[in-house]
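Presented below is the structure to which this report refers.
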Amino acid sequence: MKYTVDENGFYGRFGGSYIPEMLYPNVEELRQNYLLIMQEPDFQEEMQSLLKDYVGRPTPLYFAKRLSEKYNTNIYLKREDLNHTGAHKINNTVGQVLMAKRLGKKRIIAETGAGQHGVATATVCALMGLECIVYMGEVDIQRQAPNVARMKMLGATVVPATSGSKTLKDATNEAIRDWINNPEDTYYIIGSVVGPHPYPDMVARFQSVISEEIKAQLKEKTGSENPDYVVACVGGGSNAAGAFYHYLDTPEVKLVAVEAAGLGIDSGESAATSVLGREGIIHGSRTLLMQTEDGQVTEPYSISAGLDYPGVGPLHAHLHQSGRAIFESITDDEALQAVLELTRLEGIIPALESAHALAALGRIGAKPDETIVVNLSGRGDKDLNTYLDRFELHGK
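Number 283 in UniProt numbering belongs to position 283 of the sequence shown; there are no gaps in the numbering.
See the structure below:
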């Protein structure tokens with residue numbers, strides 16, 4: 001079974017490029033050039049230099065001693081929360097902004113849910129002196145206020161998406177509309193492994209630095225570059241794609257993808273695509289998608305703004321259907337419990353998205369001599385208002 005993309009942009013049955021004719025030249029220009037540009041020595045040198053000196057890579061692989069004791073196994077945290085801007089998203093925006101510059105684009109647009117991709121895009125645009133417009137759902141703008149402030153400080157224009165559920169799906173729709181209207185000078189930085197080919201493959205390649213580092217770091221710490229489990233949260237799925245990438249063809253490493261169950265899988269307020277989704281087309285690719293009987297997209301829900309997407313990237317749809325990855329669904333309450341657990345046991349406040357991955361530790365059933373790597377995809381500053389309200393910490 002092949003887990004990387006084929007020449008037509010498909011992972012098994014999923015993927016492809018289902019786009020309006022107006023966007024064909026843009027996507028085709030990218031498809032024809034992305035691998036060539038990524039292989040250029042100058043491109044690699046500039047990107048590696050920025051990842052090291054600007055982003056702060058490699059991020060540590062931290063043995064979480066007290067968490068390991070609690071679950072009676074060996075748990076390592078890949079500390080993507082320690083990247084500049086506080087999440088894994090910047091790995092991809094550094095790469096894509098360098099790509100945009102080489103394609104001669106001057107105006108950058110992006111969509112964002114939790115705001116981490118928006119902040120990462122705005123950051124690299126400020127660094128490179130490029131115009132930046134970020135589309136963000138009105139609901140997410142309210143619940144991720146610190147990140148909105150960061151984007152504005154960095155000089156980005158934040159445009160609210162006011163249709164539908166006013167979250168990530170709708171922000172993506174608005175960004176695609178902008179791109180259709182401004183095809184010449186505009187480059188669209190997609191923040192996850194979603195969208196038309198070549199985006200899912202390109203984003204996965206930029207994020208694959210995560211698993212590349214895990215292999216080297218684990219070898220140094222344990223003598224083996226292969227853990228028994230790699231665990232990561234999945235909305236669209238870019239941090240998971242990065243953490244899984246170099247293990248896709250290593251069947252003895254179990255891949256655990258953790259989705260947001262929201263208020264419960266059968267509650268009608270969920271984002272557990274692997275359980276609730278059927279094949280369909282969203283944002284330019286065929287994937288698993290939450291939809292009604294007549295094919296209308298179902299509004300997803302999660303307490304975490306980065307996981308309430310109604311689909312998953314085509315790579316993850318393929319990993320699910322082929323059985324290569326184990327999919328788990330975690331509720332809001334379980335994720336919040338995992339936030340407190342990591343904070344109190346290890347002194348690390350995780351993002352709500354990453355907390356879903358942590359909450360799956362109790363489901364895995366790892367043995368005492370086994371090793372788990374959890375990709376800690378982001379830090380919790382952006383979620384402090386939610387934590388204050390939920391844990392009733394105001395004034396204490």
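Beta carbons: idealized from backbone N, C-alpha and C, even for Gly.
- When the alpha-carbon of residue 378 is set against those of 106, 358, 390, the nearest one is in 358.
- The C-alpha of residue 386 is placed about 15 Å away from the C-alpha of residue 354.
- The Cβ neighbour count for residue 116, taken over all protein chains shown within 10 Å, is at least 16; the residue is labelled buried.
- CA-CA distance, residue 184 to residue 16, rounds to 23 Å.
- The region 211–227 and the region 55–67 touch, with three or more beta-carbon pairs separated by less than 8 Å.
- Counting only the Cα atoms, residue 367 lies some 38 Å from residue 291.
- For residue 232, the enclosing beta strand (DSSP E) starts and ends at 229–233.
- The C-beta distance from residue 271 to residue 300 rounds to 4 Å, short enough to meet the 8 Å contact threshold.
- Under the three-state reduction of DSSP output, residue 297 falls in the strand class.
- In the structure shown, the three-state DSSP call for residue 291 is strand.
- For residue 31, the three-state secondary structure derived from DSSP is helix.
- Secondary structure at residue 104: coil, using DSSP grouped into helix, strand and coil.
- Assignment of residue 62 by DSSP, reduced to helix, strand and coil, places it in the strand class.
- It is roughly 15 Å from the alpha-carbon of residue 231 to the alpha-carbon of residue 81.
- If you draw a 10 Å sphere on the C-beta of residue 188, you find 16 or more other C-beta atoms in it, and that means buried.
- Secondary structure note for residue 180: its alpha helix (DSSP H) is the uninterrupted segment 168–181.
- Counted as a single uninterrupted DSSP element, the alpha helix (DSSP H) harbouring residue 120 occupies residues 116–128.
- In the assembly as shown, residue 335 is a buried residue. Its beta-carbon has 16 or more other beta-carbons within 10 Å.
- Look at the beta carbons and you see the region 97–108 touching the region 30–49: at least three pairs across the two are nearer than 8 Å.
- In this structure the region 338–345 does not touch the region 24–37; the number of beta carbon pairs closer than 8 Å is below three.
- Boundaries of the alpha helix (DSSP H) harbouring residue 219: 209–222, taken from the DSSP string.
- Beta-carbon to beta-carbon, residue 229 and residue 364 are separated by about 6 Å, close enough to satisfy the 8 Å threshold.
- Taken through DSSP and simplified to helix, strand or coil, residue 328 comes out as strand.
- Close CB contacts of residue 239 within its chain, under the 6 Å cut and outside five residues either way in sequence, are with 88, 232, 375, 377 (chain order).
- Between residue 267 and residue 244, the alpha-carbon positions lie close to 30 Å from each other.
- Each of 54, 9, 14 was checked against the Cα of residue 34, and the nearest Cα belongs to 9.
- Here residue 234 has 240, 257, 258, 259, 312, 316 as same chain residues with Cβ atoms under 7 Å from its own Cβ, once five neighbours each way along the sequence are excluded.
- Rounded to whole angstroms, residue 98 and residue 167 show a C-alpha spacing of 28 Å.
- In this structure, the straight-line span from the alpha carbon of residue 1 to that of residue 154 is close to 44 Å.
- Cβ-Cβ distances below 6 Å link residue 150 to 119 in the same chain, with the five nearest sequence neighbours on each side left out; the list follows chain order.
- DSSP places residue 239 within a helical segment (H, G or I) once states are collapsed to three.
- Within its own chain, the residues whose Cβ lies closer than 7 Å to the Cβ of residue 180, once the five positions on either side in sequence are excluded, are 20, 22, 23, listed in chain order.
- Spatial neighbours of residue 74 in its own chain (CB-CB distance under 6 Å, excluding positions within 5 residues in sequence) are listed in chain order as 68, 371.
- Note that the C-beta distance between residue 76 and residue 361 is not below 8 Å.
- Taking a contact as a CB-CB distance under 8 Å, the pair residue 144 and residue 382 counts as one, their CB atoms being some 6 Å apart.
- Spanning the alpha carbons of residue 109 and residue 124 requires a straight line of approximately 12 Å.
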